[in-house]
Structure formats: C-alpha cells, structure tokens
Amino acid sequence: MIAYQKLCLGPEANADCTPCPARDEEKSYELRGLTHQVDALADPENIELCGGASTLHKDLLSLISRARARGARRIKLVTSGRWLADWDMLKELIDGGCRLFEVRIHGSRPEIHEPITGQRGSFDQTLSGLQNLSTLSSSAEHEGAIYVAARVAVTRENLEDLVPTIALLASLGVDRIIMARRGFDLPMTEAAQVVGNAMRVAALNRVWSVCEGFPPCLMKGSEMHVTELLRPAPSKAKKPKSCRGCTYI
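Sequential numbering from 2 applies to the sequence shown in the numbering used here.
Printed below as a string of structure tokens:
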C-alpha cells in the first residue's frame, strides 16, 4: 500500500458528519503555512490533502500547484464529494494535477446518508460528484489517469444498508472501497459478518475493498482485506485480556 504524507487543510466543512475526525483540528490553515509544510517534506512524492471539507479551502488549487512543483507524483484529495458535482471545479482540480480522490459516502440513499452528514441534499450532491468522476475517468482524455476510492463509515445506523451501498459504488465504477468502523456501539461480530458480505459483493464486481477497525479474528477468510494487517501501525492502545494472545497484531 502506498504511504501518503497527510496535509490537513483544517476543519471547515459543508456537513456536520457524526464520525468526522477533522473536528480535532482547531483552525483552517493559510496558504503560507501549508506551502511551508509541503516544502518541508523530505519526500513529497505522495501527498494526501484532507480536512473537514478540503474542497472549500480557498487556496486548494494553488496548494496543488505547489505540491506538483515540489515533485508530487500523486496528490490525493479526501472529500465529501459534494463540490465535485460542479463539473468545472472538478475539471480544474484534475487539470491542476489532482487525479486521486477519496470520497466519503455513508449510504445508498438519502435517508441513510444524510442523518450521518447532518445536511439535507448532501447525498444527491455526493452522488453527482461520483458520477462526474466516473464520466471523466472513462473518457478518452483521462482513461486510466483518474483513481477513485470511496470511504464508508460503518456505524450502527447504516449497517443494514452497507451491502446496498457497496453495490451502488461498484455500479459507479469506483476503484477501491474502504469500510471503516466508527463508534463504540457497533455490534462487532454482526458488523464483521456484514462487512464480509459487502466485500464479497465488491469482489464479484471486481472492486478492491478493505476494512479498518475490525479485529482480524472476526474477519476469517478476509484477512488480506484488513488494513491493519496490510499496513501495521504502532498503537499505544491496550489489548483486553481476552486478546493478549492475539496472533495477528
């Protein structure tokens, strides 16, 4: 798996997602500070731009240009996808050198997705953004040059809709799907079974899928799709007594 240097643009957002990690950030950063971070990277080949709503940053295109000038070969934009519904903006991003997108989507229909984002109308905008990406990535001009991943936060609220969500994403031609556990109230054994079923749907549609936050011991038969095994990361978390003899991590 490719390791990216993460660059957080700040918490400014066009949604109020319940599982949002960007809430830990205190402020949006100005271009000067962000370019300083890009210039300070020892290896700027792979850069990930993330934040509450990275497409809202007023200097996004300038930052992409700076990253390209510093030698970035891969620039990944993590986004809700809502602004990608704007065809002209999406074209500007791609023409500017950003051709990898990770779009957050949490359901196959508005009544599942929007209670999580907290924004009415956000599902249709995200879906339009994904459709625009699909159209451009299959065009003669950009064929093979655009990579689209979808990130689905797996919660108690959308668990029953996970398989339909993966089927929807497969129909849109995404290249990769990440199913990430969010919240501590998720019934883990049941959720792992649903995620396994969703992975099989993805595989049948020739889409690579991975999961995050699910114990490998519950993902029997899908170990090669567990992010923590593909890219082990150091953790200070203490294992519960029943897991101290774990052969996986």
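Yeah, the Cβ is synthetic: ideal placement off N, Cα and C, and Gly gets one too.
In terms of CA proximity to Gly-197, Glu-213 leads the group Glu-213, Phe-185, Glu-93. Remark: C-beta atoms of Leu-173 and Ser-138 do not approach each other more closely than 7 Å.
In the same chain as Glu-49, and ignoring 5 residues on each side of it, the C-beta atoms closer than 6 Å to its own belong to Tyr-5, Lys-7, Lys-77, in chain order. Separation of the CB atoms of Gly-52 and Gly-11 is rounded to 5 Å, and the pair is thereby assigned contact status at 8 Å. The beta carbon of Asn-47 sits closer than 6 Å to those of Ile-3, Tyr-5, Arg-75, all from its chain and outside the five residues before and after it, given in chain order. For a cut-off of 8 Å, the C-beta gap from Val-211 to His-226 is around 5 Å, short enough to register as a contact. Lys-239 sits in coil when the DSSP states are folded into three classes, being neither helix nor strand. In this chain, the alpha helix (DSSP H) harbouring Val-164 covers 163-172. In this chain, the alpha helix (DSSP H) harbouring Ser-123 covers 123-138. Counting along the chain, Met-225 sits inside no beta strand (DSSP E), nor does DSSP assign it H or E at all.
Cβ atoms of Thr-166 and Ser-109 come within 8 Å of each other, at about 4 Å. The DSSP-derived three-state label of Cys-247 is coil. Of the residues Ala-43, Gly-184, Leu-35, His-114, the one whose Cα lies closest to the Cα of Leu-169 is His-114. Across the structure, Leu-160 and Ser-66 are spaced so that their CA atoms are roughly 39 Å apart. For the pair Trp-84 and Asn-133, the CB atoms are not nearer than the 7 Å cut-off. Bounds of the beta strand (DSSP E) holding Thr-80 are 75-80.
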